[in-house]
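Colleague: For the sequence shown, this note's numbering begins at 1 and goes up steadily by one.
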Amino acid sequence: MTSAATSDPGVPPIASQKIAAAAQAIDPYNVSGGTDEHGNAVAIDYDRLVQEFGTQLLTPEHLARFEKVTGKPAHRLMRRGVFFSHRDFDKILDAYERDGTFMLYTGRGPSSGSMHLGHTVPFLFTKELQELFDVPLVIMMTDDEKYLHTRNKNEGRQKPGNTVEDFIAFAHENIKDIIALGFDPKKTFIYTDYEYLGGHFYRNVSEFESMVTLSQSFGAMGFKMEYNIGLPAYGAKQCVAAFPSSYPELFGLPDSRYPTWDPAAKMRHKSLSKIMTLIPCAIDQEPYFRILRDRCERMTDPHPKTALILSKFLTALQGAGGKMSASDANSAIFMSDTPNQIKKKINSHAFSGGRETAEEQRELGGNPDVDVAFTYLSYFLESDEELETLATRYRSGDLLTGEMKAKCIAELQSFVADFQERRESVTDEVMRSFMQPRNLEFKGNPNPTKPAAPALEEGGAANGEAKEGGKDGRGTKGERKAAKLAEKKAEKEAEKLASRQKAEA
Numbered sequence: 001m002t003s004a005a006t007s008d009p010g011v012p013p014i015a016s017q018k019i020a021a022a023a024q025a026i027d028p029y030n031v032s033g034g035t036d037e038h039g040n041a042v043a044i045d046y047d048r049l050v051q052e053f054g055t056q057l058l059t060p061e062h063l064a065r066f067e068k069v070t071g072k073p074a075h076r077l078m079r080r081g082v083f084f085s086h087r088d089f090d091k092i093l094d095a096y097e098r099d100g101t102f103m104l105y106t107g108r109g110p111s112s113g114s115m116h117l118g119h120t121v122p123f124l125f126t127k128e129l130q131e132l133f134d135v136p137l138v139i140m141m142t143d144d145e146k147y148l149h150t151r152n153k154n155e156g157r158q159k160p161g162n163t164v165e166d167f168i169a170f171a172h173e174n175i176k177d178i179i180a181l182g183f184d185p186k187k188t189f190i191y192t193d194y195e196y197l198g199g200h201f202y203r204n205v206s207e208f209e210s211m212v213t214l215s216q217s218f219g220a221m222g223f224k225m226e227y228n229i230g231l232p233a234y235g236a237k238q239c240v241a242a243f244p245s246s247y248p249e250l251f252g253l254p255d256s257r258y259p260t261w262d263p264a265a266k267m268r269h270k271s272l273s274k275i276m277t278l279i280p281c282a283i284d285q286e287p288y289f290r291i292l293r294d295r296c297e298r299m300t301d302p303h304p305k306t307a308l309i310l311s312k313f314l315t316a317l318q319g320a321g322g323k324m325s326a327s328d329a330n331s332a333i334f335m336s337d338t339p340n341q342i343k344k345k346i347n348s349h350a351f352s353g354g355r356e357t358a359e360e361q362r363e364l365g366g367n368p369d370v371d372v373a374f375t376y377l378s379y380f381l382e383s384d385e386e387l388e389t390l391a392t393r394y395r396s397g398d399l400l401t402g403e404m405k406a407k408c409i410a411e412l413q414s415f416v417a418d419f420q421e422r423r424e425s426v427t428d429e430v431m432r433s434f435m436q437p438r439n440l441e442f443k444g445n446p447n448p449t450k451p452a453a454p455a456l457e458e459g460g461a462a463n464g465e466a467k468e469g470g471k472d473g474r475g476t477k478g479e480r481k482a483a484k485l486a487e488k489k490a491e492k493e494a495e496k497l498a499s500r501q502k503a504e505a
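1) Bridge partners of S311, per DSSP?
2) Specify, as a first and last residue, the run of the beta strand (DSSP E) that D27 falls within.
3) What residue does the beta strand (DSSP E) around Y105 start on, and which one ends it?
4) Just confirm the distance between the C-beta atoms of L104 and L132, as a whole number of angstroms; I'd bet it's less than 8 Å.
5) Taking Cβ to Cβ, would you say I26 is nearer than 8 Å to D328?
6) Have a look at the DSSP bridge pairing and note the partners of K323.
7) Could you check how far apart the C-beta atoms of I342 and Q413 are, in whole angstroms? I think they sit under 8 Å.
8) What whole-angstrom Cβ distance do P232 and F243 have, given they're in contact under 8 Å?
9) Could you tell me which of A326, E403 and Q420 sits nearest to I346, measuring between CA atoms?
10) To the nearest angstrom, how far is it from the Cα of D143 to the Cα of D193?
11) In the DSSP assignment, find the alpha helix (DSSP H) that holds I175 and state where it starts and stops.
12) Identify which residue in D134, Y29, M78 and L440 has its Cα closest to the Cα of S378.
13) Please state whether DSSP places T277 in a helix, a strand or coil.
14) Taking all protein chains shown into account, do 16 or more other C-beta atoms lie within 10 angstroms of the C-beta of Q158, making it buried, or fewer, making it exposed?
15) Please report how far the alpha carbon of P304 lies from the alpha carbon of G113, in whole angstroms.
16) For P12, count neighbouring C-beta atoms within 10 Å of its own C-beta (all shown protein chains included) and say buried if the count is 16 or more, exposed if not.
17) What are the boundary residues of the beta strand (DSSP E) that M141 is part of?
18) From R268 to P185, what distance separates their C-alpha atoms?
19) Let me confirm a value: I409 is counted as buried when at least 16 other C-beta atoms fall within 10 Å, else exposed. Which label applies?
20) Are G71 and K127 closer than 8 Å when you measure CB to CB?
21) Assuming M335 contacts V416 under a Cβ cut-off of 8 Å, what Cβ separation, rounded to an integer in Å, is found between them?
22) Could you give the DSSP three-state label for F53: helix, strand or coil?
23) Here's the rule: buried if 16 or more other CB atoms are within 10 angstroms of the residue's CB, otherwise exposed. What is Y234?
24) Cα-Cα, which of T59, D88 and M276 is closest to A74?
25) Since I believe S273 is in contact with K266 (beta carbons under 8 Å), could you give me their beta-carbon distance rounded to a whole number of angstroms?
26) Considering just the uninterrupted stretch of the alpha helix (DSSP H) at S206, what are its terminal residues?
27) In three-state terms, what does DSSP make of Y506?
28) Going by the CB atoms, is the gap between P110 and F170 shorter than 8 Å?
29) Under the rule that 16 or more other beta-carbon atoms within 10 Å means buried, what is I229, buried or exposed?
30) Assuming R295 contacts T306 (C-beta within less than 8 Å), just tell me the rounded distance between them.
31) Would you say the beta carbon of H62 comes nearer than 7 Å to a heavy atom of the ligand NAP?
32) Short check: CB of H119 to CB of M431, under 8 Å?
33) Locate the alpha helix (DSSP H) running through V430, then write down its first and last residues.
34) Going by the beta-carbon positions, is the gap between R87 and Q56 smaller than 8 Å?
35) Output the boundary residues of the alpha helix (DSSP H) element that contains N340.
36) Could you spell out the range, first to last residue, of the beta strand (DSSP E) harbouring V31?
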């Protein structure tokens, strides 16, 4: 049994006790709850994070609204507070009811050839959102950012196994992992930065870069002057990846790329800038999108502010204060682990909220709130009733630590085994089919209150199907007139904004 040195089951130890007290540090490159004056790891204070980042908590009212809009129960990760905070989640529901669609965007930084259990959490949630709303999804593999970050950690040295080509290979393996989670190929586009950037995407990058100063980037991300120049520059890529206008081909419109250089793609497509985006991600990525939201409406073609739904971290096996890490094999359950490896890691490394002895456990009960095995079960068990029964029995002493771990081991072994079976069928050909820029097929809300004009500036279909109204699929005459008026209004607003910015300069 891995437990606290005292009879108090609420304080997990850290690997080394010789650590000075440190404050909580959460940003895209650091995740730590800090340490107390005794060097013990401190649980991440999510309420404090919400205050510091300026996000809002998801409330029961948000969940009720979600269920009303979708006609389905809220996902277990929402019900249990794993996805716990947001920016404008209510507005994305408004957009879906009003306009009929939005775009989903999430991503992954490929630092190894296999994802771990924690990496699957936002993807499993995103997959359910895609199925419920029937909307397009883009997944960005930030192989360039991981290369830059790793080389920065190595003080500018490139170590064996850490070349650009290595990180592209990691990205490809991770893409296969993501596909094995069950995403719909008809409405999902996955890409690596090294292989995709260009065209309208890069135009958005360049414009966005011009609006972010070094001091703003350093302040939001915690960069230092000795860091390489690639890391501050990278942020613009992750930000504009949230713009539907970065992916015209996904919406049936031409992009300006070799070898076609389609003249119809000479300008970026204004209609795509009207589509909202929802980003499901862990809260450490929020600083990127805070910078994004402050600049969405300053683009040449103003975009609505991106909405976020933010998750807590899947804790490391050792307990509170950190998250699973691909760089520490004993902190994580990898999706490539064997059943025996999973069993050994849970039994040997998973921090327990139980007592020192079975007798004490039966008499005093345990603390499921800090028990890692119970925490993992809360992510993957679907039944709220079953989960509550486990917690009640653990607190009362009726359920022992070994029994809780055995339940967790069985659940994780089953989840990982099912994943590995699907993963075997994901060939290079299947992977490349997800990475091919193409017109995605999605239907969205079948009964929007105010259908948005389809993205048809040059006659392409917004979702691979002809829209109702008008034989040519371009909507009725009235709809086309309304779309043209809205576009002219947006152009005037953009001109006013540009004039104001010029005056301020």
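Note that CB positions come from ideal geometry on N, CA and C, so glycine has one too.
Modeller: Concretely, from the data shown:
1) Position 311 of the sequence shown, counted from the start, is the residue given in the question as residue 311. Note: S311 sits in a beta bridge opposite F83 and A282.
2) On the sequence shown, position 27 is the one that residue 27 refers to. That run of the beta strand (DSSP E) goes A25 to D27.
3) For the purposes of this step, residue 105 is taken as residue 105 along the sequence shown, with counting starting at 1. Residues M103 to R108.
4) For the purposes of this step, residue 104 is taken as residue 104 along the sequence shown, with counting starting at 1. For the purposes of this step, residue 132 is taken as residue 132 along the sequence shown, with counting starting at 1. Their Cβ separation, rounded to whole angstroms, is 11 Å, which puts L104 and L132 out of contact at 8 Å.
5) Looking up residue 26 in the sequence shown gives position 26. Looking up residue 328 in the sequence shown gives position 328. No. Outside cutoff.
6) Translated into the one-based positions of the sequence shown, residue 323 becomes position 323. Answer is T315.
7) Residue mapping note: residue 342 aligns to position 342 of the sequence shown, counting from 1. Residue mapping note: residue 413 aligns to position 413 of the sequence shown, counting from 1. Between Q413 and I342 the Cβ distance is about 5 Å, and since that is below 8 Å, they are a contact.
8) In the sequence shown, the residue the question calls residue 232 occupies position 232. In the sequence shown, the residue the question calls residue 243 occupies position 243. About 20 Å separates the two Cβ atoms, so there is no contact after all.
9) Residue 346 sits at position 346 when you count from the first residue of the sequence shown. Comparing Cα positions, the closest option is E403.
10) Indexing the sequence shown from 1 puts residue 143 at position 143. Indexing the sequence shown from 1 puts residue 193 at position 193. Each residue's Cα considered, the two are about 6 Å apart.
11) Within the sequence shown, the letter at position 175 stands for residue 175. Counting along the chain, the alpha helix (DSSP H) containing I175 begins and ends at V164 to A180.
12) Indexing the sequence shown from 1 puts residue 378 at position 378. Looking at the Cα atoms, M78 is the closest of the given residues.
13) Taking the first residue of the sequence shown as position 1, residue 277 is located at position 277. DSSP places T277 in strand when its eight states are reduced to three.
14) Locating residue 158 in the sequence shown gives position 158, counting from the first residue. By the neighbour-count rule (16 or more Cβ atoms within 10 Å), Q158 is not buried but exposed.
15) Residue mapping note: residue 304 aligns to position 304 of the sequence shown, counting from 1. Residue mapping note: residue 113 aligns to position 113 of the sequence shown, counting from 1. One C-alpha to the other measures close to 36 Å.
16) To locate residue 12, count along the sequence shown from 1; it is residue 12. At P12 the pLDDT is 48, less than 50, meaning the model places this residue with poor confidence and gives no usable figure here.
17) The sequence position of residue 141 within the sequence shown is 141, counting from 1. From DSSP, the beta strand (DSSP E) with M141 extends over L137 to M141.
18) In the sequence shown, counting from the first residue as 1, residue 268 sits at position 268. In the sequence shown, counting from the first residue as 1, residue 185 sits at position 185. The straight-line gap from Cα to Cα measures roughly 26 Å.
19) Here residue 409 corresponds to residue number 409 of the sequence shown, with the count starting at 1. Buried, by the Cβ-count rule.
20) As a first step, residue 71 must be located in the sequence shown, where it is residue number 71. As a first step, residue 127 must be located in the sequence shown, where it is residue number 127. Not in contact: G71 and K127 (Cβ atoms no closer than 8 Å).
21) For the purposes of this step, residue 335 is taken as the residue at position 335 of the sequence shown. For the purposes of this step, residue 416 is taken as the residue at position 416 of the sequence shown. With a Cβ gap of about 6 Å, M335 and V416 count as contacting.
22) Locating residue 53 in the sequence shown gives position 53, where the first residue counts as 1. Three-state DSSP puts F53 in a helix.
23) Taking the first residue of the sequence shown as position 1, residue 234 is located at position 234. Buried: at least 16 other Cβ atoms inside 10 Å.
24) Here residue 74 is taken as the residue at index 74 of the sequence shown, counted from 1. Checking every option, the nearest Cα to that of A74 belongs to T59.
25) Counted from its first residue, the sequence shown places residue 266 at position 266. Counted from its first residue, the sequence shown places residue 273 at position 273. Between S273 and K266 the Cβ distance is about 16 Å, and since that is not below 8 Å, they are no contact.
26) Position 206 of the sequence shown holds residue 206. First-last of the alpha helix (DSSP H) with S206: G199 to E209.
27) Because the chain spans 1 through 505 in this model, residue 506 falls outside it and cannot be assessed.
28) Walking along the sequence shown from the start, residue 170 turns up at place 170. Walking along the sequence shown from the start, residue 110 turns up at place 110. Taking 8 Å as the Cβ cut-off, F170 and P110 qualify as a contacting pair.
29) Taking the first residue of the sequence shown as position 1, residue 229 is located at position 229. The residue in question, I229, is exposed, as its Cβ has fewer than 16 Cβ neighbours within 10 Å.
30) For the purposes of this step, residue 295 is identified with residue 295 of the sequence shown, where counting begins at 1. For the purposes of this step, residue 306 is identified with residue 306 of the sequence shown, where counting begins at 1. Incorrect: roughly 10 Å between the Cβ atoms, too far for contact.
31) Inclusion of the ligand NAP in the displayed structure is not the case, the ligand content being empty and no account of it being possible.
32) The residue labelled residue 119 in the question sits at position 119 within the sequence shown. The residue labelled residue 431 in the question sits at position 431 within the sequence shown. Going by C-beta atoms, H119 is not nearer than 8 Å to M431.
33) The residue labelled residue 430 in the question sits at position 430 within the sequence shown. D428 to M435 is the span of the alpha helix (DSSP H), which, as asked, contains V430.
34) The residue given as residue 87 occupies position 87 in the sequence shown. The residue given as residue 56 occupies position 56 in the sequence shown. Result yes, Cβ atoms of R87 and Q56 sit closer than 8 Å.
35) By one-based count along the sequence shown, residue 340 stands at place 340. P339 to H349 is the extent of the alpha helix (DSSP H) around N340.
36) Sequence index remark: in the sequence shown, residue 31 carries index 31 (1-based). It spans N30 to S32 - the beta strand (DSSP E) in which V31 sits, taken as one unbroken run.
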